[in-house]
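A.B. asks: Protein chains in written order, with my numbering: chain A, 1 to 194; chain B, 1001 to 1194.
Below: one structure in structure tokens.
There are 2 protein chains.
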Amino acid sequence: MDTKEEILKNVNTLFAQKGYSLSMSDIAKSVGIKVPSIYNHFTGKDEIIWTAIQIEVADFFEFMDMELIQINATPSLERLKLLFYSIIQYFAYGDKIQFWRNMSLISNLELRKNTNALICDMENNMYKKLQMIFIECLPDKKTEYENIEDIVLFYFLMIKGLLDVMITHQDIQFELSTYIDKIWNTYWGLISRA
Amino acid sequence: MDTKEEILKNVNTLFAQKGYSLSMSDIAKSVGIKVPSIYNHFTGKDEIIWTAIQIEVADFFEFMDMELIQINATPSLERLKLLFYSIIQYFAYGDKIQFWRNMSLISNLELRKNTNALICDMENNMYKKLQMIFIECLPDKKTEYENIEDIVLFYFLMIKGLLDVMITHQDIQFELSTYIDKIWNTYWGLISRA
DNA sequence: GTCTATATGTTGATAGAC
DNA sequence: GTCTATCAACATATAGAC
């Protein structure tokens, strides 16, 4: 792997741990080079972080697209559950939740604005795709189409809320998988009867 | 107001903006004193931040207790809605969402552990109190007691998810109040039919 | 209680040798 | 492409005068 890729890979971990306050020396140390060498690949710290963020968002986007294709193979009723668990697992792996959290808290205003705009774009795109999945998966239910919008919104909220819980409980003993099951069952129970 | 209070008040804003990476000179400048003067009131940066966090969590706790008392005056069915809007408004005021977000992302491991433990304690306490409100407010519904637990869990998740959206959309044009109404109506619609 | 002066380390970034 | 050397600015923290 070339140095540039190596830098970006390590910045992923460092940004998750320290957010925008990660230092150039942190990066250099993790890669095994000296600080000035970094400037041969990037113009500065902001460019490195912004690149890492763009890659991570694109990665998640790609992951979601792959998942949406894959779930076509499963029975309609199972798809939403499968997708839910996949998304949670994506963020649970490594430090991804912390990474995404730090994205929205960057103290550099311009960088944060760009980042949040990127996240919103991605979410709106996902929102539309999810809506189609929902319409497909809940055809025999009495759910009106206008309600589907709200139910998709809730699907997002549930995931966001769950990720928040996972952050807060990161350092303490916690039966996560039971908790996740409970949440899904509640959600499914609620929308099935709606 | 004495200097110590003034420091803590300003640290509240600074921590919301910069998180753990706020600097002693940031604090000094905001209060209008020199850095060494801060050490006459606190042993160091960690103590200041930890104190500010404890105060904020206690403040929220107190706020919730006051709200729980106040809503007794409203009709049973309106209580949960009123409480929902109150909580959202609490966090929407000033930089409180950012403050709470930064709490869970402190790069100092020990401080973060203590902080998250504090948050969990507070939430567990709130959880129990909310459960009682729910049992009181949904007596004529066919909701079984075991379901109430899950519905309260969802009440929390919905709020957490909504706060996440508010963070992501902080810098862009966004019809927040419409969005909030939509979420509440969906939630209420779902649990009313359950 | 607040200050000046200072210690000691770290930050992001650049110049220029190899 | 990587390095050493260097920079000015900043960090947390302390000693000691007033």
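From the three backbone atoms N, C-alpha and C, an ideal C-beta is built for every residue, glycine too.
1. Between the Cα of residue 30(A) and those of 44(A), 161(A), 7(A), spot the shortest distance and give me the residue it belongs to.
2. Let me check understanding here. Comparing Cα to Cα, which of 1088(B), 1104(B), 1130(B) lies closest to residue 1183(B)?
3. Using a C-beta cutoff of 8 Å, does residue 1195(B) count as contacting chain A?
4. Select from the segment 72-90 of chain A all residues with a C-beta closer than 9 Å to any C-beta belonging to chain B, and list them in chain order.
5. Which class does residue 1164(B) belong to by DSSP, given the choice of helix, strand or coil?
6. Considering residue 170(A), what are the terminal residues of the alpha helix (DSSP H) in which it resides?
7. Can you look up residue 107(A) in the DSSP assignment and give me helix, strand or coil?
8. Return the residues of the segment 170-186 of chain A that lie within a Cβ-Cβ distance of less than 8 Å from chain B, sorted by chain order.
9. Apart from the five residues just before and just after residue 35(A), which ones in its own chain have a Cβ nearer than 6 Å to its Cβ?
10. Counting only beta-carbon atoms, is residue 1042(B) nearer than 8 Å to chain A?
11. What residues from the segment 37-68 of chain A come within 8 Å of chain B, judged by C-beta to C-beta, listed N to C?
12. At least one CB of chain A closer than 8 Å to the CB of residue 1118(B): is that the case?
13. Does residue 1101(B) pass the burial test, meaning 16 or more other C-beta atoms within 10 Å, or should it be called exposed?
14. Taking the alpha helix (DSSP H) that residue 1061(B) belongs to, which residues open and close that run?
15. Rounded to whole angstroms, what's the CA-CA distance from residue 15(A) to residue 21(A)? Just pull it up for me.
16. Report the rounded CA-to-CA distance for residue 1107(B) versus residue 19(A), giving the unit in angstroms.
17. Following the continuous alpha helix (DSSP H) through residue 91(A), name the residue where it begins and the one where it ends.
18. Would residue 1008(B) pass as an interface residue toward chain A - the criterion being a Cβ-Cβ separation below 8 Å?
19. Quick one: is residue 167(A) near chain B, going by C-beta distance under 8 Å?
20. Along chain B, in chain order, which residues have C-beta atoms closer than 9 Å to that of residue 158(A)?
21. Around the C-beta of residue 1104(B), are 16 or more other C-beta atoms found within 10 angstroms, so that it is buried, or is it exposed?
22. Should residue 1161(B) go down as buried or exposed, given a rule of 16 or more other Cβ atoms within 10 Å for buried?
23. For residue 1187(B) versus residue 1158(B), is the C-beta spacing smaller than 8 Å?
24. If you measure from the beta carbon of residue 34(A) to each beta carbon in chain B, is any gap under 8 Å?
25. Could you give the DSSP three-state label for residue 1155(B): helix, strand or coil?
C.D. replies: Reading off the structure:
1. 7(A)
2. 1088(B)
3. As shown, chain B starts at 1001 and ends at 1194. That puts residue 1195(B) outside it, with no answer to give.
4. none
5. helix
6. For residue 170(A), there is no enclosing alpha helix (DSSP H), as DSSP marks it with neither H nor E.
7. The answer is coil: DSSP assigns residue 107(A) none of H, G, I, E or B.
8. Cβ contacts with chain B come from 170, 171, 172, 182, 183, 185, 186.
9. Around residue 35(A): 24, 25, 28.
10. no
11. Those residues of the segment 37-68 of chain A that come within reach of chain B (Cβ to Cβ, closer than 8 Å) do not exist; the list is empty.
12. no
13. buried
14. That run of the alpha helix (DSSP H) goes 1045-1070.
15. 8 Å
16. 9 Å
17. 76-92
18. no
19. At least one chain B Cβ lies under 8 Å of residue 167(A).
20. 1154, 1157, 1158, 1161
21. buried
22. buried
23. Going by C-beta atoms, residue 1187(B) is nearer than 8 Å to residue 1158(B).
24. no
25. Helix.
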